[in-house]
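J.: Here it is, the structure, as structure tokens.
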Amino acid sequence: DAGVIQSPRHEVTEMGQEVTLRCKPISGHNSLFWYRQTMMRGLELLIYFNNNVPIDDSGMPEDRFSAKMPNASFSTLKIQPSEPRDSAVYFCASRSGTAYEQYFGPGTRLTVT
Amino acid sequence: AQTVTQSQPEMSVQEAETVTLSCTYDTSESDYYLFWYKQPPSRQMILVIRQEAYKQQNATENRFSVNFQKAAKSFSLKISDSQLGDAAMYFCASPNFGNEKLTFGTGTRLTIIP
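Order-wise, the sequence lines are chains A and B. My numbering applies: residue 1 is where the first sequence begins, and numbers increase by one. My numbering applies: residue 114 is where the second sequence begins, and numbers increase by one.
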């Protein structure tokens, strides 16, 4: 079975540009999580969805960040406009309704110059 | 868990030896889960092992096992016969019941000495 798929794996962009990160969860999983990892702050949960509905977005740093899950097999995390302090590794993870462990994608390394 | 603490920022072990990584947690729940994740240089977060608190038997996955001390709220990971491929950051984690969030420790960087 395919794991969680994220694209792109690397993204380099200039300050002020829009960035869109994509995630395809494991088929059959009904919860999806977006995390950000930095050296300073470690792993931070940004937002999570249950059955495509956003449940908790309290970790989203500010209005420049938005996330959508239009269907069970696709989610996006958008940053507009991007800033250098957004540089981090962004992970997507999914979870089935009958278990508590989350399965992570390979991450997207974002660099904003 | 409400908090997860890893007090060892770095550990090293000789290849083929055994190493134990420590984790303590705090929770008000009576039933909960605990996980260890591995993050190698490729940065992929990989689930290593899980423990269900109501099970008294310690979980084991090949060379990886846990020492779960529920009363002490301790959940350590033992890696036997360490291999070069075990070099990674290891994170202890537990879900917060009611909101499904995973609380992670700060991680332990494990180095394997050839």
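Glycine included, each C-beta is placed from N, C-alpha and C at the ideal position. Keep in mind that this is a model prediction, so the values were computed, not measured.
Any contact between the segment 139-151 of chain B and the segment 120-127 of chain B? By contact I mean 3 or more CB pairs, one from each, below 8 Å.
T.: Touching, no.
J.: For the putative contact between A:Thr108 and A:Pro8, defined by C-beta atoms under 8 Å, what is the C-beta separation to the nearest angstrom?
T.: About 6 Å separates the two Cβ atoms, so the contact holds.
J.: Does the beta carbon of B:Met158 come closer than 8 Å to any beta carbon on chain A?
T.: Yes, B:Met158 counts as interfacial toward chain A.
J.: Helix, strand or coil for A:Arg85 per DSSP?
T.: A:Arg85 falls in the helix class under three-state DSSP.
J.: List the residues of chain B that A:Tyr90 touches, going by C-beta distances under 7 Å, in chain order.
T.: What A:Tyr90 touches in chain B: nothing, since even the nearest Cβ is about 11 Å away.
J.: Taking all protein chains shown into account, decide if B:Ser260 is buried (16 or more other Cβ within 10 angstroms of its Cβ) or exposed.
T.: Any answer about residue 260 of chain B is impossible in this case: the structure gives chain B only from 114 up to 227.
J.: Could you tell me the distance, in whole angstroms, from the CA atom of B:Pro227 to the CA atom of A:Leu43?
T.: Taking the straight line from one Cα to the other gives about 30 Å.
J.: If we define contact as Cβ-Cβ less than 8 Å, is A:Phe104 a contact residue for chain B?
T.: So, interface residue.
J.: Taking the alpha-carbon of B:Ala206 as reference, which of B:Ile225, B:Met158, B:Gln196 has the nearest alpha-carbon?
T.: Taking only the C-alpha atoms, the option nearest B:Ala206 is B:Met158.
J.: From B:Ser195 to A:Ile79, what does the alpha carbon distance come to, in whole angstroms?
T.: Those two C-alpha atoms are separated by around 41 Å.
J.: In the segment 124-183 of chain B, which residue ranges form an unbroken alpha helix (DSSP H) of at least 4 residues, counting only runs that do not cross its ends?
T.: Listed in chain order, there is nothing to give.
J.: Look at the alpha carbon of A:Glu83 and the alpha carbon of A:Phe49, and state the distance between them as a whole number of angstroms.
T.: Roughly 25 Å separates the two Cα atoms.
J.: Quick check: the segment 49-64 of chain A against the segment 19-34 of chain A, are there 3 or more CB pairs under 8 Å?
T.: Segments in contact, yes.
J.: Determine, for A:Leu45, whether the minimum Cβ-Cβ distance to residues of chain B falls below 8 Å.
T.: Closer than 8 Å to some Cβ of chain B, the Cβ of A:Leu45 qualifies, so yes.
J.: Check whether chain B comes within 8 Å of A:Glu121, counting only Cβ atoms and requiring the distance to be less than that.
T.: There is no way to answer for residue 121 of chain A, as the model of chain A reaches only from 1 to 113.
J.: For the beta strand (DSSP E) containing A:Tyr48, list its first residue and its last residue.
T.: Looking at the DSSP string, the run of the beta strand (DSSP E) that includes A:Tyr48 is 42-50.
J.: Please tell me whether A:Ser31 has its Cβ less than 8 Å away from any Cβ of chain B.
T.: Taking Cβ atoms only, chain B reaches closer than 8 Å to A:Ser31, which makes this a yes.
J.: Using a Cβ cut-off of 8 Å (strictly closer), state whether A:Gly107 contacts chain B.
T.: Yes, A:Gly107 lies at the interface with chain B (some Cβ there is under 8 Å from its Cβ).
J.: What in chain A is Cβ-close to B:Glu213, meaning under 7 Å?
T.: Neighbours of B:Glu213 on chain A, chain order: Ser31, Tyr48.
J.: Within 8 Å (strictly less), CB to CB, does B:Phe217 reach chain A?
T.: For B:Phe217, the answer is yes, since a Cβ of chain A falls inside 8 Å of its Cβ.
J.: Are B:Phe177 and B:Arg163 touching if we call contact CB-CB under 8 Å?
T.: No, they are not a contact pair.
J.: Quick one: which chain B residues come within Cβ less than 8 Å of A:Gly42?
T.: Within chain B, the residues near A:Gly42 are Phe217, Thr219, Gly220.
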